[in-house]
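> Let me begin by handing over the structure; questions about it come next.
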Amino acid sequence: MRLHCTPVLLLLALFASGYTIRESSYNDVGRWTVRDQHDYREWLVDVTRRTENSSQQLHPTVREFGDLIESRPHLRMLFALMFQAVPRSPRYLDELSGRPQIRDYRHMLRVLDHLIQTAPAYSTRTNRMSYAGIPLNTLLTWPMGKQSGFAAFLDPEVNAMIKKTLGIWGEYLQSPDSVLPNRGFLSWDDFFIRFFRKGIRPVAGNDSVIANACKSKPYKVQHNASAHDQFWVKERPYSIVDMLSGDPLSEKFIGGTVYQAFLSSLSYHRWHAPVSGRIMKALP
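Numbering (mature numbering (1 follows the signal peptide of the UniProt record, and there is no 0)), first residue to last: -18 to -1, 1 to 266.
Next up, the structure:
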């Protein structure tokens, strides 16, 4: 299975009750700092200026996204409101023009068109940002946080369109064009999920040890996880039945332990199983 660049990969390991995990201290990962917000703004400003005067026709999938928004009155309203709701304070504005970084959904589509035909590039800024490995997330951070944005991105048709758009980007990242000039890799994807050199990352021999998948870091451990919990509230308690889509296997993990790991979008991404064993079932 190939995992294409996701903003954050959250590895969830479920253990039946009676299994214990020794918790050691670890840094809190995945939180924004003031510097992160500054880098985010500067990165987005650079991208929007690059697309400002583009006369290039939109990719057919991006045009389809625009048609969806404009053919559904409730979506057109929500997509208009989400950008209007972003504050007009310096933190959210292009410093030169004084305008919002993303002005409206048509501007969003123009920038999106550029992003899905571009491979993530390394710079000291993007390295600090880490989440710039998935620029679509960076593009939508502010509007998604508004009530109108939250409602829009819960819409099944919008989700299907986002999935289709990401699929187009995934195809580009598997193409030779994504890695020009070529430095020994067939595509950007080939570079992103490259193999380790033999012996460079030995795995613990003790089967009771969880080996963090890819290059993830410990994020959270919760003991005595409930069948149902308010997973939408702050601190994110785990809800076993919801996590496993109501599957009968849920019963085996109620009262057990959840281990969650965080993987930055720019960290090593080739998937390796974090625990020994045999896959019994894959859930949607």
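For glycine and all other residues, C-beta sits at the position ideal for the given N, C-alpha and C.
Tell me, please, which residues DSSP counts as bridged to Val44.
BP columns for Val44 are empty, so no partner.
> Across the region 128 to 143 and the region 192 to 211, are there enough close Cβ pairs to call them in contact, namely three or more that are closer than 8 Å?
No, the region 128 to 143 does not touch the region 192 to 211.
> Would Ala255 and Tyr201 be called neighbours here (beta carbons separated by less than 8 Å)?
Cβ atoms of Ala255 and Tyr201: not closer than 8 Å.
> So Tyr241 is in the beta strand (DSSP E); what residue range does that whole segment cover?
Tyr241 -> beta strand (DSSP E) spans 239 to 246.
> What three-state label does DSSP hand Tyr87 in the structure shown?
It is helical.
> Give the C-beta separation of Leu57 and Leu50 to the nearest angstrom, bearing in mind that I take them to be a contact with Cβ-Cβ under 8 Å.
Contact holds; Cβ gap of about 7 Å.
> Quick one, are the C-beta atoms of Arg165 and Arg252 less than 8 Å apart?
Taking 8 Å as the Cβ cut-off, Arg165 and Arg252 do not qualify as a contacting pair.
> For the beta strand (DSSP E) holding Val203, just list the boundary residues, first then last.
Where Val203 is concerned, the enclosing beta strand (DSSP E) stretches over 199 to 204.
> The alpha helix (DSSP H) spanning Val223 covers which residue range?
Unbroken alpha helix (DSSP H) run through Val223: 222 to 225.
> What whole-angstrom Cβ distance do Thr30 and Gln83 have, given they're in contact under 8 Å?
Contact holds; Cβ gap of about 6 Å.
> Going by DSSP, which residues form a beta bridge with Ser208?
DSSP, once it has assigned bridges, lists Ser221 as partnering Ser208.
> Leaving out the 5 sequence neighbours to the left and right, which residues in its chain are closer than 6 Å to Lys197 when beta-carbon positions are compared?
Result list for Lys197: Ser249, Tyr250, in chain order.
> Rounded to a whole number of angstroms, what is the C-alpha to C-alpha distance between Gly48 and Pro184?
Cα-Cα distance, rounded: 48 Å.
> Give me the Cβ distance between residue 270 and His89, rounded to the nearest whole Å; I'm assuming they're in contact under 8 Å.
Absent from the structure is residue 270, since the part of the chain shown begins at -18 and ends at 266.
> By the DSSP assignment, the alpha helix (DSSP H) with Tyr104 in it spans what residues?
Careful: Tyr104 lies outside any alpha helix (DSSP H) and carries neither H nor E.
> Out of Gly187, Leu91, Ser71, Arg179, which one is the CA nearest neighbour of Arg23?
It is Ser71 whose Cα lies nearest to the Cα of Arg23.
> What is the DSSP secondary structure of Pro163, reduced to helix, strand or coil?
Coil.
> Sorted by chain position, which residues of the same chain lie with C-beta nearer than 6 Å to Ser221's C-beta, five sequence neighbours on each side aside?
His210, Asp211, Phe213, listed in sequence order.
> Mind checking residue 299: buried by the 16 CB within 10 Å criterion, or exposed?
Residue 299 lies beyond the stretch modelled for the chain, which goes from -18 to 266, so this question has no answer here.
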